[in-house]
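Engineer: If you scroll down you'll find the structure; I have some questions about it.
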Amino acid sequence: MAAHVYSIAMPAPHSAPSLDAHTTREILDRLVSFDTTSRNPNRDLIDWIAAWLLQRGVEAEILPDAGGGKANLHAVIGPRGPGGLALSGHVDTVPVDGQAWSSDPFTLREANGRLHARGAVDMKGFVASALACVPDLLERRLHRPVHLFVTYDEEVNCAGATALVAHLDATGDKPDWCVVGEPSGMKPIVAHKGRLSLRVRVRGKAGHSSQPEFGANAIHAAARAVARVADEQDRLAREGVRVDGFDPPFSTTHVGTISGGAILNIIPESAEFDMEWRTVPGDDALAELTRLQDHVARHIEPALKAGGGSGFVYEILNELPPLSLPPGHALAQSVRHASGHNAEGRVSYGTEAGIYQNAGIATIVCGPGHIAQAHQPDEWIAVSELEACDVFLRRLVDSTVARA
Numbered sequence: 001m002a003a004h005v006y007s008i009a010m011p012a013p014h015s016a017p018s019l020d021a022h023t024t025r026e027i028l029d030r031l032v033s034f035d036t037t038s039r040n041p042n043r044d045l046i047d048w049i050a051a052w053l054l055q056r057g058v059e060a061e062i063l064p065d066a067g068g069g070k071a072n073l074h075a076v077i078g079p080r081g082p083g084g085l086a087l088s089g090h091v092d093t094v095p096v097d098g099q100a101w102s103s104d105p106f107t108l109r110e111a112n113g114r115l116h117a118r119g120a121v122d123m124k125g126f127v128a129s130a131l132a133c134v135p136d137l138l139e140r141r142l143h144r145p146v147h148l149f150v151t152y153d154e155e156v157n158c159a160g161a162t163a164l165v166a167h168l169d170a171t172g173d174k175p176d177w178c179v180v181g182e183p184s185g186m187k188p189i190v191a192h193k194g195r196l197s198l199r200v201r202v203r204g205k206a207g208h209s210s211q212p213e214f215g216a217n218a219i220h221a222a223a224r225a226v227a228r229v230a231d232e233q234d235r236l237a238r239e240g241v242r243v244d245g246f247d248p249p250f251s252t253t254h255v256g257t258i259s260g261g262a263i264l265n266i267i268p269e270s271a272e273f274d275m276e277w278r279t280v281p282g283d284d285a286l287a288e289l290t291r292l293q294d295h296v297a298r299h300i301e302p303a304l305k306a307g308g309g310s311g312f313v314y315e316i317l318n319e320l321p322p323l324s325l326p327p328g329h330a331l332a333q334s335v336r337h338a339s340g341h342n343a344e345g346r347v348s349y350g351t352e353a354g355i356y357q358n359a360g361i362a363t364i365v366c367g368p369g370h371i372a373q374a375h376q377p378d379e380w381i382a383v384s385e386l387e388a389c390d391v392f393l394r395r396l397v398d399s400t401v402a403r404a
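Okay, structure coming up:
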C-alpha cells in the first residue's frame, strides 16, 4: 500500500487519547494506553503519533503493511534529503497473558521512581523521549535532517524495519546514521548477535504402535534432529568463533518448542519443533542451517522415507542480521560523548539495528532502561533513565546535525 501523509483533513481517531502531551512522561502515558501487542493492529497508535506531530507542524508518512492494520511511521525534522540522523523505535510489545501484574498493564503507574506499564522500557520509553524533543529540534538550526522511525513487529520478525528500509531505498531519503533506542542503560552498544529462527516439520507415516515396521515415526526422527542440535550447541561452545564482549562469546543454538503425535498407540505421522541460532559477527547462521540439513538428509531422512514418510520441511520464521559498528566509527564517538559513557558494549539479543546497517546506514543501539526489565510482569523504566535519555538526544543532535 502507498504511503499516506497525515494531513489536517484526517484528524486523529475519536477514541484516541488527548494530544495535549508535552513531557516524555506525558507522552509515554499516552503511548502505553494503546494495546499494541504484536498480534494486534497498531494503526490507532501510529495515527495518534502522526496527529501529535502534525499539531506541532511536522508531517509524517504512514507506511501501512499489506493488510493495512499495521504501519510504520517516518517523519523528518529539518531539511529534506539524504543524510542526517535517525532515531528509531518499535511500538509493538510482547503479550501480558499469564503474567501477574499489580495493576492495569496499559495504564502508566509511578512508584518509587519507576514507571510501570507494558512497553514502558521495550521500547515506548525511547519513542516518548524522541517525540518530546521534537519541539526543541524545531527551534534548532538543523543543517541536516533528523528522522523519526517508528516500526511494527520487531518482537515477531522485524517486518516493519525491513519494509521501512525498502521505502527509504525507493525514495532515496536515507539517513547516514541511526540510533536504535533499545534498552541499554544508555550505554552505547556497537554490536549484537544475529538470529535465525526456524520451524522444522517432520512427516512420517501413521500405523499401529504394535507394528512399527509398517509406519514411520515422525517424533523419533524429530528427536534425532533435536539431538543433533544439542550436539551442535556443544560444538559451538567448544570450538566456535570467539568474539570478546558477548556473553557468551560464541554463537548458540537451541530448540525451544516441540510437538507431535495424537495418542500413544498410534505411530505419529507428524511432528514439529522450533529452533534458533544466535550468531556472533563472523558466523553465518544460514551455513549452520545447511550443516543441519545435510546431516538430516544423510543420517535421518533415509529411514523415515523408507518407512513411508515424506521427510523434513524447513521454514525460516525470522532472519535478523548481526550488528557490528566498525571500531572508532564517528557515530560511536558521538554517542559516547552525548551519553557520557566512555565504554562500548556488545549484547547477545538482536534488534532492528542489523537491518539498518545492512541497508548502508551506520547504526548503534543506545536507549533508556535495561533489557532485564522488559517482557516481565510489572515491566518498568526508571524516571531517571528517561531524564538521561532526554538529555542524550538533545546533546547528540547538537553535536551531529545542528549548527552552532
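Taking full-length UniProt numbering, the leading residue of the sequence shown gets 1, the next gets one more, and so forth.
C-beta atoms are modelled at their ideal positions from N, C-alpha and C, and glycine is treated no differently.
For His167, I'd like the list of residues in its chain whose CB is within less than 6 Å of its CB, leaving aside the five on either flank, ordered along the chain.
Structural biologist: Here residue 167 is taken as the residue at index 167 of the sequence shown, counted from 1. Here the set comprises Leu63.
Engineer: Could you check if Ile266 is buried or exposed, using at least 16 other CB atoms within 10 Å of its CB as the buried criterion?
Structural biologist: Translated into positions along the sequence shown, residue 266 becomes position 266. Classification of Ile266: exposed, given that the 10 Å Cβ count is below 16.
Engineer: Helix, strand or coil for Thr36? Go by DSSP, reduced to three states.
Structural biologist: Counted from its first residue, the sequence shown places residue 36 at position 36. Thr36 falls in the coil class under three-state DSSP.
Engineer: By the 10 Å Cβ neighbour count, where 16 or more other Cβ atoms means buried, how is Thr151 classified, buried or exposed?
Structural biologist: As a first step, residue 151 is located in the sequence shown; it is residue number 151 there, counting from the start. When all chains shown are included, Thr151 counts as buried.
Engineer: Output the distance between the C-alpha atoms of Arg298 and Cys158, rounded to the nearest integer angstrom.
Structural biologist: Within the sequence shown, numbered from 1, the residue matching residue 298 stands at position 298. Within the sequence shown, numbered from 1, the residue matching residue 158 stands at position 158. Near 34 Å, if we compare the C-alpha coordinates of Cys158 and Arg298.
Engineer: If you draw a straight line from the C-alpha of Val156 to the C-alpha of Pro95, how long is it?
Structural biologist: Within the sequence shown, the letter at position 156 stands for residue 156. Within the sequence shown, the letter at position 95 stands for residue 95. Each residue's alpha carbon lies about 11 Å from the other.
Engineer: Apply the 10 Å Cβ neighbour rule to Glu385 and answer buried if 16 or more other Cβ atoms are within range, or exposed otherwise.
Structural biologist: The residue given as residue 385 occupies position 385 in the sequence shown. By the 10 Å Cβ count, Glu385 comes out buried.
Engineer: When the Cβ atoms of the segment 14-32 are set against those of the segment 119-129, are three or more pairs found closer than 8 Å?
Structural biologist: In short, these stretches touch, since the Cβ pair count reaches three.
Engineer: Pick helix, strand or coil for Gly261, following the three-state DSSP scheme.
Structural biologist: Here residue 261 corresponds to residue number 261 of the sequence shown, with the count starting at 1. Three-state DSSP puts Gly261 in coil, outside helix and strand.
Engineer: Quick check on the DSSP output: the beta strand (DSSP E) that includes Val146 runs from which residue to which?
Structural biologist: Within the sequence shown, numbered from 1, the residue matching residue 146 stands at position 146. Looking at the DSSP string, the run of the beta strand (DSSP E) that includes Val146 is Val146 to Thr151.
Engineer: Whose C-beta lies closer than 6 Å to the C-beta of Cys178 among residues of the same chain, with five residues either side of it excluded?
Structural biologist: Numbered from 1 along the sequence shown, position 178 holds the residue referred to as residue 178. These residues qualify, in order along the chain: Ala86, Ser88, Tyr356, Ile361 and Thr363.
Engineer: From which residue to which residue does the alpha helix (DSSP H) around Cys389 run?
Structural biologist: Translated into positions along the sequence shown, residue 389 becomes position 389. Residues Val383 to Thr400.
Engineer: Identify the residues that DSSP records as bridge partners of Cys366: which are they?
Structural biologist: Counting from 1 along the sequence shown, the entry for residue 366 is found at position 366. None, per the DSSP bridge assignment.
Engineer: Comparing C-alpha positions only, which one of Arg201, Asn42, Gly328 and Gly68 sits nearest to Leu317?
Structural biologist: For the purposes of this step, residue 317 is taken as residue 317 along the sequence shown, with counting starting at 1. Checked all of Arg201, Asn42, Gly328 and Gly68; the closest Cα to Leu317 is Arg201.
Engineer: Identify which residue in Gly261, Asp390, Leu289 and Val134 has its Cα closest to the Cα of Val229.
Structural biologist: Counting from 1 along the sequence shown, the entry for residue 229 is found at position 229. Comparing Cα positions, the closest option is Leu289.
Engineer: To the nearest angstrom, how far is it from the Cα of Ile77 to the Cα of Gly194?
Structural biologist: For the purposes of this step, residue 77 is taken as residue 77 along the sequence shown, with counting starting at 1. For the purposes of this step, residue 194 is taken as residue 194 along the sequence shown, with counting starting at 1. Ile77 and Gly194: Cα-Cα distance of roughly 31 Å.
Engineer: Since Thr107 and Thr36 are thought to touch, with beta carbons under 8 Å apart, how far apart are those beta carbons, to the nearest angstrom?
Structural biologist: By one-based count along the sequence shown, residue 107 stands at place 107. By one-based count along the sequence shown, residue 36 stands at place 36. Not really, about 14 Å apart at Cβ, beyond 8 Å.
Engineer: Answer yes or no: do Met186 and Ala388 have a C-beta to C-beta separation smaller than 8 Å?
Structural biologist: Counting from 1 along the sequence shown, the entry for residue 186 is found at position 186. Counting from 1 along the sequence shown, the entry for residue 388 is found at position 388. It is a contact, given that the beta carbons lie within the stated cut-off.
Engineer: Along the chain, which unbroken stretches of the alpha helix (DSSP H) at least 4 residues long are found entirely within the segment 200-239?
Structural biologist: Fully enclosed alpha helix (DSSP H) runs of 4 or longer: 218-239.
Engineer: Do the segment 250-262 and the segment 327-341 make contact, defined as three or more Cβ pairs closer than 8 Å?
Structural biologist: Judged by Cβ distances under 8 Å, the segment 250-262 makes no contact with the segment 327-341, as fewer than three pairs qualify.
Engineer: Just curious, the alpha helix (DSSP H) that Glu288 is in, first and last residue?
Structural biologist: In the sequence shown, counting from the first residue as 1, residue 288 sits at position 288. Unbroken alpha helix (DSSP H) run through Glu288: Ala285 to His299.
Engineer: Considering only the beta carbon of each residue, do Ala225 and Val296 sit closer than 8 Å?
Structural biologist: Reading the sequence shown from its first residue, position 225 is the one you call residue 225. Reading the sequence shown from its first residue, position 296 is the one you call residue 296. Yes, these two residues count as a Cβ contact at 8 Å.
Engineer: Might you give, ordered along the chain, the residues of its own chain that have their beta carbon closer than 8 Å to the beta carbon of Val401, omitting 5 neighbours on each side?
Structural biologist: In the sequence shown, the residue the question calls residue 401 occupies position 401. Closer than 8 Å at Cβ, skipping near neighbours: Gly78, Gly84, Leu85, Leu142, His143, Arg144, Pro145 and Val146.
Engineer: Among Arg203, Val365 and Gly367, which one has its Cα closest to the Cα of Gly308?
Structural biologist: Residue 308 sits at position 308 when you count from the first residue of the sequence shown. Considering only alpha carbons, the answer is Arg203.
Engineer: What is the residue span of the beta strand (DSSP E) that Gly345 lies within?
Structural biologist: Taking the first residue of the sequence shown as 1, we reach residue 345 at position 345. Gly345 to Val347 is the extent of the beta strand (DSSP E) around Gly345.
Engineer: Could you tell me if Tyr6 is buried or exposed, where buried requires 16 or more neighbouring beta carbons within 10 angstroms of its beta carbon?
Structural biologist: Looking up residue 6 in the sequence shown gives position 6. Only weak support is given to the placement of Tyr6: the predicted model assigns it a pLDDT of 38, under 50, and the value that follows is read from those uncertain coordinates. So Tyr6 ends up on the buried side.
Engineer: Alpha carbons only, please: which of Leu286, Gly67, Glu59 and Ala271 is nearest the one belonging to Leu73?
Structural biologist: Taking the first residue of the sequence shown as 1, we reach residue 73 at position 73. Nearest option by C-alpha distance: Glu59.
Engineer: Taking Gly311 as part of the beta strand (DSSP E), name the residues at either end of that continuous run.
Structural biologist: Numbered from 1 along the sequence shown, position 311 holds the residue referred to as residue 311. Start and end: Gly311 to Leu320.
Engineer: Do we get a CB-CB distance below 8 Å when we pair Ser33 with the residues of chain D?
Structural biologist: Given the protein chain composition of this structure (a single chain), no chain D is represented.
Engineer: Between the Cα of Thr23 and those of His370, Trp48 and Asp136, spot the shortest distance and give me the residue it belongs to.
Structural biologist: Here the question's residue 23 lines up with position 23 in the sequence shown. Checking every option, the nearest Cα to that of Thr23 belongs to Asp136.
Engineer: Which residue marks the beginning of the alpha helix (DSSP H) containing Ile371, and which one marks its end?
Structural biologist: To locate residue 371, count along the sequence shown from 1; it is residue 371. Element bounds for Ile371: n/a, residue is neither H nor E.
Engineer: Out of curiosity, what's the CA-to-CA distance linking Ala359 and Ala161?
Structural biologist: On the sequence shown, position 359 is the one that residue 359 refers to. On the sequence shown, position 161 is the one that residue 161 refers to. Each residue's alpha carbon lies about 11 Å from the other.
Engineer: Here's a check: name, in chain order, each residue in its chain whose Cβ is nearer than 7 Å to the Cβ of Val32, leaving out the five neighbours to either side.
Structural biologist: Along the sequence shown, read from residue 1 onward, the residue named residue 32 stands at position 32. Closer than 7 Å at the Cβ level, and outside the excluded window around Val32, lie Phe106, Leu108, Ala117, Arg118, Gly119, Ala120 and Lys124.
Engineer: Exposed or buried, which one is residue 412 when buried takes at least 16 other CB atoms within 10 Å?
Structural biologist: No answer is possible for residue 412: the residues shown for the chain start at 1 and end at 404.
Engineer: Pro268: which of Leu198, Asp390 and Gly207 sits nearest, CA to CA?
Structural biologist: Translated into the one-based positions of the sequence shown, residue 268 becomes position 268. Looking at the Cα atoms, Gly207 is the closest of the given residues.
Engineer: Could you have a look at Phe106 and say whether DSSP puts it in helix, strand or coil?
Structural biologist: In the sequence shown, the residue the question calls residue 106 occupies position 106. DSSP places Phe106 in coil when its eight states are reduced to three.
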